[in-house]
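Read the structure below first, then the notes.
Protein chains in written order, with this note's numbering: chain S, 196 to 726; chain Z, 196 to 726.
The following block contains the structure:
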């Protein structure tokens, strides 16, 4: 498959602009073919108008057909075979096994949303029957369900070139809800993006979807993303990435004449709390598990555990065990930009007088780095008091680093937890007795996170109904929603109520017959029966 | 009951400030006793900190007890008896019968949320059981439910002194979800607000709720509302009122270091479409119904129908019939500010060369107004082409006025609908055949509204599971949510996921036993059974 490097406005390819870029192999610094062309303002406009133009036709596509389209995307991605894996490995330096597994997650997500849409109960149908005899006024016939929100802009994430990029969770859930999607490809893996984009276009064609259901624009310049978010046709935005970029998009969207929601998942420090009993019983095995979680994917996960609270008497040995376990896990990061940021932040920590480095300090050159994006894991130690005193220590370090915070008693631990901002996850290691005895600490942590984990680690985000991959700001810009799992579809739907509509004026989900037997709330009772 | 005019910080009363105001009887312009004192910055801070301080204890209150608290509020409001009705009538000029009926709606809403919380399925519990044998990785135990979002600020609305004020839908749904509430009383009915506030405080005391679960602050100055929205302890805001005020609060909340959601319901023009068949068959009766809807409550409803599209050949007679029917419905508005705004806007319409006045133009003095807030209904006529050409005609006129837009053919009607901004409601009058033949027009209107009504009128908002009182911007600032009906609770809750938690570390709603038999999704199946 020869890459063309062009923007994809529905099935049309265009490259009208003059701003161009190439992908770089982060393992070798080598520039890759071909040249990709940033979308011009008029190409962005064409993509968004094309999405708006397709929105009514796509919303009207029957659920089964929409599910077929999602499955066709999964099939088309699989048909890309090793070529996709190979390009993706070259662009991201992630190992082939990881890419293969991420491809599986991506196609599973698409098929999971296909099943969700086919089953149909996700629309939360609510029906209340009329009562002409009610006093003082007759009760009307009221029916309500979730309908598509309108064209969605999706930003590919650098750290999930498949599962959170062109056909990732945001796109899958937006398409599943019945919305056209305009994706901005992440410039860190544009070739991967183009291949997956072509897979979607092919699936749309074979499934008979309207042309504007999917577009892909390139943007190495922030102008492209900004213009996309500001476009009048766009109704919602899905984003996974840095806090700075996420907040900028959120601010731009909120300041629009007609504000739109931005679902930005911006990562967090994902605190891990080791309670005294767990420390006494299995400090070394917790350290091993933490090290594996910190270095997984060269530390490039939103759920990477960046801070671990350990009782003072165990902190030093815990830190050493963690440092020993991470030492071998050097690796190439996604691109030189994220690696420079990592190296800079680790350097800043290293220079602080209140922070001690537990791992042997080495820079990437000393470690024999084969490329500019080569990162060396780092483990730091600090006192709980110093941690609480400086908010700068509570900011995510994107990469394979973690800080061991030693606490002296539950009071100090409580203060440290209280100092935390919003998080995607919070983890507690403890035995059953101390979990029960410290219920208030669990609640304190629970107020600050989207997911609580007991005796485990936050990486490895299960894609399922019960997942919440979200959390209070700054973990995300909207605490109501998850970006992983079936509930992610709720971001891209809105309620619409039909009052006193005749039977054949209602959507199938709200009509009396209920041929698909979806679960509905009829006069307060949940049932799959017809009205 | 003697009114004190003070702020209520939980059960404490304070009046530290120097900015004061009095309520005014809009029917007579007379100032009423007592003097109310705007909250100072430190009083606002105390109210918000008190709410935050109460939030964990209140979130932990069992559902049955929380339901009892909501019912106790309803009881306490009823115990205020005629005194409440009388003060409310004096402050708002609304008739006693309306206030009595609005009180019924308010107490019904509180009891409806009590039942919802008691039944418990609203938390959308999702459970996925573990699978230690899954390859390549074991599947963890995943459980997720909705939990309280944290302290909520509620702004009382001038046009619903009971049902959307101190103990109205926002407060009821926020308390039901498990959040403390700080209400800013609307300065148009501060005495009513104080009485209802004291009812909530009494209910909180008798139900054993934590002190900070409810506070009430006065604010005749916009400073108070702004400070409330900017307070670090506040996690969400409920607001019903004007576009200018709602947007200002939304902008302030979005610009916070930690942004929070503002659920502002800002009204709309609520278009009514009369299709040719309906016009031919029953133009006069539609005009009668419209007139009643336009003048209900002196036109002071968010769902007041401000624009009606009528086929050109019927427009004139339809307009005349509407004008005749509204002529007698003069009335006193909520306060002189809303009445001046109404009079000014109607005057502007009157002076336009492309707008004709169908009703006999009279100002309030000519109509023998007994007070400054006396409003005279108005009916205007305009061509569809002129309506489409000027966005200024598509802005809500708060008061008893409506514009008859005459359209020449379905093409013109379509253009006019396409020109509309987001709306709370859209209404269609037609016969069954033309509804079926114009499905695309219904979809077009449906994209712009939160509720579609067939052969009815938008006023009279049913409080039920299936209601959606919301809609695309500028009708509201968040298209995902309703502010009326049980689904309003979803604004004030967020998902929290528990991974691999032991049985006794889980909230009751997620534990295996399911003693309250709530509906849960277990491994994808909806069931009330235990795990």
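Where is the CB? At the ideal position from N, CA and C, for every residue including glycine. Only a predicted model underlies this, so the values are computations on that prediction, with no experimental measurement involved.
{"Asked": "Please compile the residues from chain S whose C-beta is within a distance smaller than 9 Å of the C-beta of residue 544 of chain Z.", "Found": "Within 9 Å Cβ-Cβ: nothing; residue 544 of chain Z doesn't reach chain S, min ~24 Å."}
{"Asked": "Give a yes or no on whether 8 Å exceeds the smallest Cβ distance from residue 334 of chain S to chain Z.", "Found": "yes"}
{"Asked": "Is the beta carbon of residue 615 of chain Z closer than 8 Å to that of residue 623 of chain Z?", "Found": "no"}
{"Asked": "Between residue 625 of chain Z and residue 402 of chain Z, what straight-line distance do the alpha-carbon atoms span, to the nearest angstrom?", "Found": "51 Å"}
{"Asked": "Just tell me which of Z/226, Z/353 and Z/336 has its CA closest to the CA of residue 217 of chain Z.", "Found": "Z/226"}
{"Asked": "Since residue 203 of chain Z sits in a beta bridge, which residues does DSSP pair it with?", "Found": "Z/208 and Z/411"}
{"Asked": "Could you check what DSSP says for residue 572 of chain S in three-state terms: helix, strand or coil?", "Found": "coil"}
{"Asked": "Hey, would you say residue 478 of chain Z sits closer than 8 Å to residue 512 of chain Z, going by beta carbons?", "Found": "yes"}
{"Asked": "So residue 713 of chain S is in the alpha helix (DSSP H); what residue range does that whole segment cover?", "Found": "Where residue 713 of chain S is concerned, there is no enclosing alpha helix (DSSP H), given that its DSSP letter is neither H nor E."}
{"Asked": "For the region 645-674 of chain Z, which residues have a CB atom closer than 9 Å to at least one CB atom of chain S, in sequence order?", "Found": "645, 646, 647, 648, 649, 650, 651, 653, 655, 657, 659, 660, 661, 662, 663, 664, 665, 666, 667, 668, 669, 672, 673 and 674"}
{"Asked": "Are residue 410 of chain S and residue 507 of chain S touching if we call contact CB-CB under 8 Å?", "Found": "no"}
{"Asked": "Alpha carbon to alpha carbon, what distance is there between residue 628 of chain Z and residue 334 of chain S?", "Found": "25 Å"}
{"Asked": "For the beta strand (DSSP E) that contains residue 186 of chain S, what are its first and last residues?", "Found": "Shown here, chain S extends from 196 to 726; a query on residue 186 of chain S therefore has no answer."}
{"Asked": "Restricting to Cα atoms, I'd like to know which of Z/424, Z/197, Z/324 and Z/264 is closest to residue 660 of chain S.", "Found": "Z/324"}
{"Asked": "When DSSP labels each residue in this structure, what does residue 305 of chain S get in the three-state scheme?", "Found": "helix"}
{"Asked": "Does the count of Cβ pairs from the region 393-400 of chain Z and the region 270-284 of chain Z closer than 8 Å reach three?", "Found": "yes"}
{"Asked": "Following the continuous beta strand (DSSP E) through residue 460 of chain Z, name the residue where it begins and the one where it ends.", "Found": "457-460"}
{"Asked": "Name the residues in the region 504-520 of chain S whose C-beta lies less than 8 Å from a C-beta of chain Z; which are they?", "Found": "none"}
{"Asked": "Using a threshold of 7 Å, is the CB atom of residue 722 of chain Z nearer than that to any non-hydrogen atom of the ligand PLP?", "Found": "In the structure on display, the ligand PLP does not appear, and there are no ligands present to speak of."}
{"Asked": "For the pair the region 334-346 of chain S and the region 372-383 of chain S, tell me if three or more CB-CB distances fall below 8 Å.", "Found": "yes"}
{"Asked": "Just tell me which of Z/487, Z/612, Z/671 and Z/687 has its CA closest to the CA of residue 652 of chain Z.", "Found": "Z/487"}
{"Asked": "Taking only the alpha-carbon atoms, compute the straight-line gap between residue 658 of chain S and residue 304 of chain S and give it to the nearest angstrom.", "Found": "7 Å"}
{"Asked": "Spatial neighbours of residue 748 of chain S within its chain, please: CB distance less than 6 Å, with the 5 preceding and 5 following residues excluded, ordered by chain position.", "Found": "Within the shown structure, residues of chain S are numbered from 196 to 726, placing residue 748 of chain S beyond reach of any answer."}
{"Asked": "What first and last residue would you give for the alpha helix (DSSP H) that runs through residue 531 of chain S?", "Found": "531-546"}
{"Asked": "Give the secondary structure of residue 727 of chain S by DSSP, where H, G and I count as helix, E and B as strand, and everything else as coil.", "Found": "Because chain S in this structure spans residues 196 to 726, residue 727 of chain S falls outside the shown range and cannot be described."}
{"Asked": "Taking residue 689 of chain Z as the query, report the chain S residues whose CB atoms sit under 7 Å from its CB, ordered along the chain.", "Found": "674 and 675"}
{"Asked": "Count the other CB atoms, across all protein chains shown, that sit within 10 Å of the CB of residue 504 of chain S; report buried if there are 16 or more and exposed otherwise.", "Found": "buried"}
{"Asked": "Could you confirm whether any beta carbon from chain S is found closer than 8 Å to the beta carbon of residue 249 of chain Z?", "Found": "no"}
{"Asked": "Assuming the contact rule is C-beta atoms closer than 8 Å, residue 574 of chain S and residue 526 of chain S should be a hit. Round their C-beta distance to whole Å, please.", "Found": "Actually they are not in contact, since the Cβ atoms of residue 574 of chain S and residue 526 of chain S sit about 16 Å apart, beyond 8 Å."}
{"Asked": "Are the beta-carbon atoms belonging to residue 147 of chain Z and residue 534 of chain S less than 8 Å from one another?", "Found": "Since the first residue shown for chain Z is 196 and the last is 726, residue 147 of chain Z is missing from the structure and cannot be characterised."}
{"Asked": "Would a check of beta-carbon distances place residue 497 of chain S closer than 8 Å to chain Z?", "Found": "no"}
{"Asked": "With DSSP collapsed to three states, give me the class of residue 690 of chain S.", "Found": "strand"}
{"Asked": "Nearest to residue 596 of chain S by alpha carbon, out of S/613, S/585 and S/538?", "Found": "S/538"}
{"Asked": "How about residue 265 of chain Z and residue 688 of chain Z: do their beta carbons lie closer than 8 Å?", "Found": "no"}
{"Asked": "Closer than 9 Å, Cβ to Cβ, to anything on chain S: give me those residues from the region 348-377 of chain Z, in chain order.", "Found": "none"}
{"Asked": "In the DSSP assignment, find the alpha helix (DSSP H) that holds residue 486 of chain S and state where it starts and stops.", "Found": "471-490"}
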